[in-house]
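Only one structure is covered here, and it is reproduced in the block below.
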Amino acid sequence: MASRCKAGGCAWFTCLTRGIVQQSSEDAALVWYATHPDAAGAVMATLPSARNVGGRFPLLQEDGNIAVKARINRGGVFLNGGLKAEPLHAVAAQLKLVAALGKHSVHISIDSTYARALEELLTSIQRDPKSLSTMLLCRLRTAEFGKLVNRCKLLSRSVLNLLCTVEHLELENSCAVDLSPNSLGELVRLQSFHIPYGKVFSLLSLQQIKTLVDIDVSMASITQRDIILIGKMMQLRRLVIDGCTGVTSLTPLHGHPTLCHISAMGCANLRLVGSLETITTLRYLNLSHTVVCPIDLRGCLKGLGVVRELLLDKLTLREMRCAAYVRWQTQRLSLRGMRCADFTWITALVQLRDLSLDETRLFEKELVLLCTELPYLSRISVTRCASLLTTLECALDVRYIMEIAISRTSLWSQSVLEELRRRGVICYVV
């Protein structure tokens, strides 16, 4: 009997807690949450969409872990998208309360370009060593990371241990000390490293991190030497080097065993990409707005049948012929502004669903052929094509078409367009 009463009491307590969170009094929810530690589980298990208040409270995820997001600035800490800043010591107390439940791991994501406040928060948390054992710093966006690591080595090994659990690291306003082996060598769980617009002196220190699978150094001052280093990271799956003017060739990536995603958009001096055809795991490739050699591009394309998304905007392509034996798996192709004499080679990409040919010298006969030979096409964009003049009648026979974009000057009449709209096709006329 006692056990049934106890079970019934727990169920009643849980319902009461969730009811309080769904009310309109933020203060009542906060007081209940703070004074009844047993209520924390019920509060966190309530989905944010079902909370009228308590949006800043942690969330119990489907995998059983507790998610906490914190944005830190000079005014305080904003928790889980909350609009009210809270003092550092109050946030530290709440994190320790959640960790003290002992039933779940606490996965923390921190966004803070105010390094001193970040250090104060982590120092306050580490005063309770038991709490640290269940905490993981999953994501960290910060500045002066190197200085923070060096201070922690001197003052607090516990804080350093928490920093070492970071899996996704994004550095703002980076400097040489941030990328030193002394700073990054401790990050034994690091999977994703982003350093946008950074002054990168060398990526050499990343070589020793065997868990790293994602590197984003967009607009950073990396050189060809760094591409050679990246080519030796055999576990890497995603590489983004958009806008890196120091990169001239992707040859060092020849035969890479795991790369799935490469984006080199806007690399103003990138010319050689022929080695990419040797990467059999590649599924996404963006070479838009580069100066890739047309002959090199043509040779590379013939070996990229496994790529699902291919973006080649503003490039030049010589006469292209796709081998009939190649089983193309490309589903998205963007050739905006491409200088190409003939687009009929695209018909070999029989699984294509999304096609962008804006600002090209596309003719109506080519558009008709594409609509006829690409059975799964669902979206096509042909805006600002100066040579195109069509009724769009060819689109009526495309079974899965859902969206069309075309310039008004390319249309003979609006009648077919109206019929397409009656069929539910979204039509953009610009």
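Under the numbering used here, the first residue of the sequence shown carries the number 4, and numbering increases by one thereafter.
Just so you know, even glycine gets a beta-carbon here, dropped at the ideal spot from N, CA and C.
Problem set entry | Same chain only: Cβ atoms within 7 Å of Thr333, ignoring 5 sequence neighbours per side | As a working mapping, residue 333 is identified with position 330 in the sequence shown. Counting only Cβ-Cβ distances below 7 Å, and skipping sequence neighbours, we find Val310, Arg311, Leu313, Leu352, Gln354 and Leu355.
Exercise. For Gln227, which residues of its own chain have a beta-carbon under 7 Å away from its beta-carbon, when the five flanking residues on both sides are left out?
Worked result: To locate residue 227, count along the sequence shown from 1; it is residue 224. Cβ within range, chain order: Gly249, Val250, Thr251 and Ser252.
Problem set entry | Whole-angstrom C-beta distance between Leu392 and Ser359, which should lie under 8 Å | As a first step, residue 359 is located in the sequence shown; it is residue number 356 there, counting from the start. As a first step, residue 392 is located in the sequence shown; it is residue number 389 there, counting from the start. No, Ser359 and Leu392 are not in contact; Cβ-Cβ is about 19 Å, not under 8 Å.
Exercise. Would DSSP call Ser252 helix, strand or coil?
Worked result: Here residue 252 corresponds to residue number 249 of the sequence shown, with the count starting at 1. Three-state result, Ser252: strand.
Exercise. Just the Cα atoms here: how many angstroms apart are Leu285 and Leu187?
Worked result: In the sequence shown, residue 285 corresponds to position 282, counting from 1. In the sequence shown, residue 187 corresponds to position 184, counting from 1. Roughly 28 Å separates the two Cα atoms.
Problem set entry | Whole alpha helix (DSSP H) elements within the stretch 265 to 294, 4-residue minimum | none
Problem set entry | Those runs of the alpha helix (DSSP H) which lie wholly inside the stretch 324 to 385 and span at least 4 residues | DSSP assignment within the stretch 324 to 385 yields the following whole alpha helix (DSSP H) runs of 4 residues or more, N-terminal first: 367 to 376.
Problem set entry | Residue(s) in a DSSP beta bridge with Phe148 | Looking up residue 148 in the sequence shown gives position 145. Answer by DSSP bridge pairing: none, since Phe148 is not bridged.
Exercise. Hey, how far is the Cα of Leu315 from the Cα of Ala96?
Worked result: Looking up residue 315 in the sequence shown gives position 312. Looking up residue 96 in the sequence shown gives position 93. Distance between the alpha carbons of Leu315 and Ala96: 51 Å.
For this session: Ignore the nearest five residues each way along the sequence and tell me which others in Ser112's own chain have a CB closer than 6 Å to its CB.
Result: Counting from one through the sequence shown, the residue named residue 112 turns up at place 109. So the qualifying residues of the chain are Lys72, Cys141 and Arg142.
Exercise. So, His1 versus Glu170, is the Cβ gap smaller than 7 Å?
Worked result: Outside the shown range of the chain (4 to 433) lies residue 1, about which nothing can therefore be said.
For this session: Please determine, among Ser205, Gln210 and Thr214, the residue with the shortest C-alpha to C-alpha distance to Ser195.
Result: Looking up residue 195 in the sequence shown gives position 192. In terms of CA proximity to Ser195, Thr214 leads the group Ser205, Gln210 and Thr214.
Problem set entry | DSSP-derived helix/strand/coil call for Ile225 | Mapped onto the sequence shown, residue 225 falls at position 222. Of the three classes helix, strand and coil, the one that applies to Ile225 here is coil, per DSSP.
Problem set entry | alpha helix (DSSP H) segment containing Ser434, residue limits | The structure shown does not extend to residue 434, since the chain is modelled only from 4 to 433, so the question has no answer here.
Problem set entry | Coil, strand or helix - Gly302 by DSSP | Counting from 1 along the sequence shown, the entry for residue 302 is found at position 299. Three-state DSSP puts Gly302 in a helix.
For this session: State the CB to CB distance for the pair Pro263 and Arg240, rounded to an integer number of angstroms; the pair is presumed to be in contact (CB under 8 Å).
Result: Here residue 263 corresponds to residue number 260 of the sequence shown, with the count starting at 1. Here residue 240 corresponds to residue number 237 of the sequence shown, with the count starting at 1. Inspection of the sequence shows that residue 263 is occupied by Cys rather than by Pro. So it is a contact: roughly 5 Å between Cβ atoms.
Exercise. From this set, Met222, Leu304 and Ala389, which residue's C-alpha is nearest Trp331's C-alpha?
Worked result: What you label residue 331 is simply residue 328 of the sequence shown in a count that begins at 1. Selected option, being the one with the closest Cα: Leu304.
For this session: Assign Ser418 to one of two classes, buried (16 or more other C-beta atoms within 10 Å of its C-beta) or exposed (fewer than that).
Result: To locate residue 418, count along the sequence shown from 1; it is residue 415. With fewer than 16 Cβ atoms within 10 Å of its Cβ, Ser418 is classed as exposed.
Problem set entry | Continuous beta strand (DSSP E) assignments of at least 3 residues falling wholly in the stretch 81 to 115 | 109 to 115
Exercise. Hey, how far is the Cα of Cys98 from the Cα of Ile128?
Worked result: Position 95 of the sequence shown, counted from the first residue, corresponds to residue 98. Position 125 of the sequence shown, counted from the first residue, corresponds to residue 128. In the sequence on display, residue 98 carries Leu and not Cys. Leu98 and Ile128: Cα-Cα distance of roughly 8 Å.
Exercise. From Gly258, Ala267 and Leu256, pick the residue whose C-alpha is nearest to that of Ala223; which is it?
Worked result: Position 220 of the sequence shown holds residue 223. When only C-alpha atoms are compared, the closest one is Ala267.
Problem set entry | Whole-angstrom distance between Arg324 and Trp348, CA atom to CA atom | On the sequence shown, residue 348 is found 345 positions in, with the first residue counted as 1. On the sequence shown, residue 324 is found 321 positions in, with the first residue counted as 1. In a straight line, the C-alpha of Trp348 is about 6 Å away from that of Arg324.
For this session: Just the C-alpha distance for Leu121 and Asp114, rounded to the nearest angstrom, thanks.
Result: Start at 1 with the first residue of the sequence shown, and residue 121 comes out as number 118. Start at 1 with the first residue of the sequence shown, and residue 114 comes out as number 111. Cα to Cα, Leu121 sits roughly 9 Å from Asp114.
Problem set entry | Helix, strand or coil at Glu421 [DSSP, three-state] | Here residue 421 corresponds to residue number 418 of the sequence shown, with the count starting at 1. Three-state DSSP puts Glu421 in a helix.
Exercise. If Leu275 and Leu318 are in contact, beta carbons under 8 Å, what's the gap, nearest whole angstrom?
Worked result: Position 272 of the sequence shown, counted from the first residue, corresponds to residue 275. Position 315 of the sequence shown, counted from the first residue, corresponds to residue 318. 13 Å between Cβ atoms; not a contact.
Exercise. In whole angstroms, what separates the C-alpha of Ile265 from that of Pro297?
Worked result: By 1-based counting over the sequence shown, the position of residue 265 is 262. By 1-based counting over the sequence shown, the position of residue 297 is 294. Going from the Cα of Ile265 to the Cα of Pro297 covers about 19 Å.
Problem set entry | Residues near Arg411 by beta carbon distance below 8 Å, same chain, minus five either side | The sequence position of residue 411 within the sequence shown is 408, counting from 1. Result list for Arg411: Val432 and Val433, in chain order.
Problem set entry | Run of the beta strand (DSSP E) containing Leu314, from where it starts to where it stops | Along the sequence shown, one-based indexing puts residue 314 at 311. That run of the beta strand (DSSP E) goes Glu312 to Leu314.
Exercise. Cβ of Gly340 within 7 Å of Cβ of Glu362?
Worked result: In the sequence shown, the residue the question calls residue 340 occupies position 337. In the sequence shown, the residue the question calls residue 362 occupies position 359. Yes.
For this session: State the start and end residues of the unbroken alpha helix (DSSP H) segment that holds Arg160.
Result: Counting from 1 along the sequence shown, the entry for residue 160 is found at position 157. Per DSSP, Arg160 belongs to the alpha helix (DSSP H) from Arg160 to Leu166.
For this session: Compute the Euclidean distance between the alpha carbons of Tyr328 and Lys235, then round it to the nearest angstrom.
Result: Working through the sequence shown from its first residue, we reach residue 328 at position 325. Working through the sequence shown from its first residue, we reach residue 235 at position 232. Residue placement at Tyr328 is flagged as unreliable, the pLDDT there being 48, under the threshold of 50; the coordinate-derived value follows with that caveat. When rounded, the distance between both Cα atoms is 32 Å.
For this session: Look up Asn153 in the DSSP assignment and say whether it is helix, strand or coil.
Result: Taking the first residue of the sequence shown as 1, we reach residue 153 at position 150. In the structure shown, Asn153 sits in a helix (DSSP, three-state: H, G or I).
Exercise. Hey, Asp357 and Arg335: beta-carbon distance below 7 Å or not?
Worked result: The residue labelled residue 357 in the question sits at position 354 within the sequence shown. The residue labelled residue 335 in the question sits at position 332 within the sequence shown. Taking 7 Å as the Cβ cut-off, Asp357 and Arg335 qualify as a contacting pair.
For this session: Whole angstroms is fine: what's the gap from Glu422's alpha carbon to His292's?
Result: Within the sequence shown, residue 422 is the residue found at index 419, counting from 1. Within the sequence shown, residue 292 is the residue found at index 289, counting from 1. Distance between the alpha carbons of Glu422 and His292: 37 Å.
For this session: Give a yes or no on whether the C-beta atoms belonging to Ser384 and Met405 are separated by under 7 Å.
Result: Here residue 384 is taken as the residue at index 381 of the sequence shown, counted from 1. Here residue 405 is taken as the residue at index 402 of the sequence shown, counted from 1. Not in contact: Ser384 and Met405 (Cβ atoms no closer than 7 Å).
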